[in-house]
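Here the structure is laid out as structure tokens; the discussion comes afterwards.
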Amino acid sequence: YKAAEKMPVVIILDNIRSLNNIGSVFRTADAFRVEKICLCGITGQPPHREIQKTALGATESVDWEYFEHSVDAVVKIKNAGYRIIAVEQMANSTQLHQFHHQKNKKIALIFGNEVNGVSVRIAIIFQELTIVFCDVLVIGIHADCLFQIFHNSIVIACSCANNCLQIINFCGFLSTIQC
């Protein structure tokens, strides 16, 4: 896996509390051949028993880097030429099905804390930040209203997998990678 061609995608985990979610994101990153994961703030780091339990070896195959402050990760990734995309539920969010991106341009997806979302500092500092509404596609039907009724959120591991698939597909990366 380390030698395999990667998609020009970085996942930034902004203060994620659940070690199981972190492990699941590693597995998603492994499945999509993501370049790397940035673990920020209180986000746990491998090796940790709870992360390893859900990652099932993906922490060994996916590159990762730790940043004490999420803003530092975003600055580094942005300076490397990535378009920064926050996956978040906000009033001014772009609906996933309305998301537009230049094909094959590098992207970084930020997933925020399970309770507080993406850091306010990131949103303030990066005013050009694209915010994509994190929803779920169920057989082509947008089901975001189903989640708003009950809890207005979805487990980050599920959101990461769904949004990676949709955004990576929209960006044209799936057609460039050989299986």
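To convert, take the position in the sequence shown, counting from 1, and add 1; that gives my numbering. From the three backbone atoms N, C-alpha and C, an ideal C-beta is built for every residue, glycine too.
Beta-carbon separation (whole angstroms), residue i vs residue j, contact threshold 8 Å
i, j, result
"Leu-20", "Cys-41", "Contact flag wrong, Cβ pair sits at about 15 Å."
"Phe-112", "Ile-12", "7 Å"
Pick from the options that is closest to residue i, judged by C-alpha positions
i, options, result
"Gly-24", "Ile-169, Ile-86, Thr-44, Ile-108", "Thr-44"
"Ala-4", "Glu-69, Val-121, Arg-34", "Arg-34"
"Thr-29", "Ile-157, Gly-173, Phe-171, Cys-172", "Ile-157"
"Val-76", "Ala-124, Glu-51, Lys-7, Ala-162", "Ala-124"
"Asn-170", "Leu-57, Arg-50, Lys-104, Arg-84", "Lys-104"
"Val-10", "Arg-84, His-70, Thr-60, Arg-18", "Arg-84"
"Thr-55", "Glu-69, Asp-31, Ala-74, His-70", "Asp-31"
"Asp-64", "Arg-50, Ala-162, Val-26, Glu-115", "Val-26"
"Ile-168", "Glu-115, Lys-106, Val-116", "Lys-106"
"Gly-82", "Ile-108, Glu-6, Cys-161", "Ile-108"
"Ala-61", "His-70, Glu-69, His-49", "The identity of residue 61 in the sequence shown is Glu, whereas the question assumes Ala. Closest option to Glu-61, Cα to Cα, is His-49."
Pair within 8 Å by beta-carbon distance, residue i and residue j
i, j, result
"Ile-78", "Leu-110", "no"
"Val-88", "Arg-122", "no"
"Gln-46", "Tyr-67", "yes"
"Asn-164", "Arg-18", "no"
Counted within 10 angstroms of its Cβ, other Cβ atoms place residue i as buried (16 or more) or exposed
i, result
"Asn-16", "buried"
"Glu-36", "buried"
"Met-8", "buried"
"Gly-141", "Confidence at Gly-141 is low in this model, with a pLDDT of 33, below 50, so the placement of that residue is unreliable and no value is reported for it."
"Gly-118", "buried"
"Ala-74", "buried"
"Asn-80", "exposed"
(message) Report the start-end ranges of each alpha helix (DSSP H) in the segment 32-64 that is 4 residues or longer and not cut off at the edges.
(response) Look at the segment 32-64 and you find these whole runs of alpha helix (DSSP H), each 4 residues long or longer: 50-56, 59-62.
(message) Quick check on the DSSP output: what are the complete beta strand (DSSP E) runs of length 3 or more inside the segment 2-28, in order along the chain?
(response) Fully contained in the segment 2-28 are the following beta strand (DSSP E) runs of length 3 or more, in chain order: 8-15.
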